[in-house]
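Peer 1:
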Amino acid sequence: MQDHSVFEPDGQRKIAYHRTMAEGEGVGKPGIVFLGGYSSDMTGTKAVWLEEWARARGRAFLRFDYQAHGASSGDWADGSIGAWSQDAFDIIAAMTEGPQILVGSSMGGWMSLLTARKLPDRVAGIVGIAAAPDFTEDGMYADFTEDQREMLERDGQIALESDYDPEPYIVTKHFIEEGRNNLVLRSPLSLPFPVRFLHGTADTDVPYTRAMDTLHHADCPDFRVVLVKDADHRFSSEPCLQLIGEMVDQIS
Numbered sequence: 001m002q003d004h005s006v007f008e009p010d011g012q013r014k015i016a017y018h019r020t021m022a023e024g025e026g027v028g029k030p031g032i033v034f035l036g037g038y039s040s041d042m043t044g045t046k047a048v049w050l051e052e053w054a055r056a057r058g059r060a061f062l063r064f065d066y067q068a069h070g071a072s073s074g075d076w077a078d079g080s081i082g083a084w085s086q087d088a089f090d091i092i093a094a095m096t097e098g099p100q101i102l103v104g105s106s107m108g109g110w111m112s113l114l115t116a117r118k119l120p121d122r123v124a125g126i127v128g129i130a131a132a133p134d135f136t137e138d139g140m141y142a143d144f145t146e147d148q149r150e151m152l153e154r155d156g157q158i159a160l161e162s163d164y165d166p167e168p169y170i171v172t173k174h175f176i177e178e179g180r181n182n183l184v185l186r187s188p189l190s191l192p193f194p195v196r197f198l199h200g201t202a203d204t205d206v207p208y209t210r211a212m213d214t215l216h217h218a219d220c221p222d223f224r225v226v227l228v229k230d231a232d233h234r235f236s237s238e239p240c241l242q243l244i245g246e247m248v249d250q251i252s
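In full-length UniProt numbering, the protein residues as written are 1 to 252.
1) Using 8 Å as the threshold, is the C-beta distance between residue 184 and residue 222 below it?
2) Is residue 204 near the ligand NAP, in the sense that its beta carbon is under 7 Å from a heavy atom of that ligand?
3) Should residue 219 and residue 188 be called a contact, given that it needs their Cβ atoms to be closer than 8 Å?
4) Between the stretch 92-104 and the stretch 18-37, do three or more beta carbon pairs fall short of 8 Å?
5) Assuming residue 15 contacts residue 87 (C-beta within less than 8 Å), just tell me the rounded distance between them.
6) What distance in whole Å lies between the Cβ atoms of residue 106 and residue 206, which are believed to be in contact at a cut-off of 8 Å?
7) Is it buried or exposed for residue 1, if we count other Cβ within 10 angstroms and need 16 for buried?
8) For residue 243, I'd like the list of residues in its chain whose CB is within less than 8 Å of its CB, leaving aside the five on either flank, ordered along the chain.
9) Measuring CA to CA, which of 22, 165, 110 is closest to residue 138?
10) From which residue to which residue does the beta strand (DSSP E) around residue 200 run?
11) When you compare each of 136, 112, 118, 135 to residue 125 by their alpha carbons, which one comes out closest?
12) Looking only at C-alpha atoms, which of 123, 44, 26 sits nearest to residue 59?
13) If distances are taken between C-alpha atoms only, which option among 55, 73, 200 comes closest to residue 41?
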């Protein structure tokens, strides 16, 4: 049985989502939107935990799957930063009211920054969790060997091993090139609201220096980075989850 709703912004894309409405003490406070990471979905530990956290406080909450993720439609080979950020823009515009606190995990941190650029009046604050802005260029492409770069040019795609899945995942030339159209750390980045970036020192997927890069680059009057000793990229231990809730509370 389907346990999610479906949003069709253009009659073609089918974006799966869960939404909780505000009630009681949460009415009048900014809603909360969880933006997931690359190749993850809205059923992950952080998304579900934060939904329960928000419900207990009467806060409006939204989690969703980008195209080709989880229960949403789409083919992985067609995915891109631009397409997935458009999913975020569309569902936030249609399914939330007023300013929102964006909680972005890994790639979702990049999506949060793109949303702030596109919909500045709809963002009340950002909590980034192991945020990975510009990872297609600075994480993927920068780490490719010459052979991998040649294969990408020749074949239009390469297969990479995953630490989270036994099957390799496909990275296309289009994905890398289109990512360059959405970089946020190479042009002015105005964030006129509170921002908190949380990062583990044991994160081997996205170095915690990426949080510091964003802190130094952004034009933001209230940007703080919190490092958690020995936390990894998942950032899903109970203390880490509690810290996420504390940061949302702090900027709400």
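Idealized CB from N, CA, C, for every residue including glycine.
It should be emphasised that the depicted structure is a prediction, and the values quoted were computed from it without experimental measurement.
Peer 2: With the given structure in hand:
1) no
2) Summarising the ligand content, the structure contains no ligands, and the ligand NAP is consequently not present.
3) yes
4) yes
5) 6 Å
6) 6 Å
7) Unreliable positioning characterises residue 1 in this predicted model, as indicated by a pLDDT of 43, which lies under 50. A coordinate reading is not provided.
8) 198, 226, 228
9) 110
10) 195-200
11) 112
12) 26
13) 73
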